[in-house]
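To convert, take the position in the sequence shown, counting from 1, and add 1; that gives the working numbering. First up is the structure itself, then whatever we jot down about it.
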Amino acid sequence: MLHKTRGIIFRTTDYSESSVIVQIFTEKFGLQSYIINGVKKPKAKIPRNMLQPLHLVDMVVYHKNTGSVQRISELKTSPVLLTIPYDVIKSCIAIFLNEVLYKAVRQQSPDEQLFDFIFNSIEWLDHQTEGLANFHLLFLIQLTRYLGFYPDRANASTAAYFDMKNGVFSNWKPESALYLSAPHTQNFYSLLQSNFGNEAQLVFNNSERRYLIDKMLEYYALHIEGFGNIRSHEVLEEVLS
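Here is the structure:
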């Protein structure tokens, strides 16, 4: 049976001489794997350049609840990304976010709120002209809302510490070594108070930003089983410095 759905490209892997397996986070079915034949041929119906990470697409797909690999009848980019593929900073941000999403988003069931957040965030990044240095930090903070470990903001405005293991702010030093302390606690709280409309007002120097992203990835690893290490943020930090 054919279904229409929007999708976000996560990863493309070679399958044969002319075919690929594409993992796409779809609005209607969650994360799904699709086999696409002939993508490397000169007149491919779905060429490989349409399958870049975080490209936004409209699809008509065949879907079987019992199938592990699905098939696509039609696919087109919509909306077409105008700046992310060509802007060095934006493309590095997209590569980093894609690596995080690939490791963090695993549900093979619909989650329209999560889908809308990711989809709208990519569109926002594509049109954004300022505040890019902190976009990835805000994205990671807001993504935790949909993944189930958004920090408890009680006492956040006056707390000296943020306990990463329990996701809470505290005036007492946590027993474990997994925490933020001043001034990073306050910087972290500033992120929680911000959104994509005012990220340009956040002022972090390079060392503060590097520290925050390292701790944020630790926070993700604590709360997502098998999250592992992220490498692409090192390149992003160099580009932003």
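For every residue, glycine included, the Cβ atom is placed at its ideal position computed from N, Cα and C.
* Asked: Just to confirm, are H128 and V62 a CB contact at a threshold of 8 Å?
  -> no
* Roughly how many angstroms separate the alpha carbons of M251 and F205, rounded to a whole number? -> With the chain covering 2 to 242 only, the question about residue 251 has no answer from this structure.
* **Alpha-carbon spacing of Y180 relative to S171, whole angstroms** => 10 Å
* Asked: Three or more beta-carbon pairs under 8 Å between the segment 180-192 and the segment 160-167, yes or no?
  -> yes
* **Segment contact, 8 Å Cβ cut-off, at least three pairs: the segment 191-208 with the segment 220-228** => no
* Asked: For the beta strand (DSSP E) that contains V236, what are its first and last residues?
  -> Counting along the chain, V236 falls outside any beta strand (DSSP E), though it belongs to the alpha helix (DSSP H) covering 233-241.
* To do: Count the C-beta pairs between the segment 225-237 and the segment 86-97 that are closer than 8 Å, then say yes if the count reaches three, no if not.
  => yes
* To do: Decide if the segment 28-41 is in contact with the segment 80-93; the criterion is three or more beta carbon pairs, one per stretch, under 8 Å apart.
  => no
* Where does F189 fall in DSSP's three states? -> helix
* To do: Please report the residue range of the alpha helix (DSSP H) in which Q62 lies.
  => For clarity, residue 62 is Val in the given sequence; the question names Gln instead. Counting along the chain, V62 falls outside any alpha helix (DSSP H), though it belongs to the beta strand (DSSP E) covering 57-63.
* So what does DSSP say about Q24, is it helix, strand or coil? -> strand
* **Where I225 sits in the DSSP three-state scheme** => coil
* Asked: Between which two residues does the alpha helix (DSSP H) containing L1 stretch?
  -> Because the chain here runs from 2 to 242, residue 1 falls outside it and cannot be looked at.
* According to the neighbour-count rule (16 or more other Cβ atoms, all chains shown, within 10 Å of its Cβ), is A134 buried or exposed? -> buried
* To do: For the beta strand (DSSP E) holding Y151, just list the boundary residues, first then last.
  => Premise fails: Y151 is in no beta strand (DSSP E) and is neither H nor E.
* **Run of the beta strand (DSSP E) containing E18, from where it starts to where it stops** => Careful: E18 lies outside any beta strand (DSSP E) and carries neither H nor E.
* Would you tell me roughly how many angstroms separate the C-alpha atoms of S122 and F140, rounded to the nearest one? => 8 Å
* Asked: Hey, out of I214, Y147, R7, F136, whose CA is closest to E200's CA?
  -> F136
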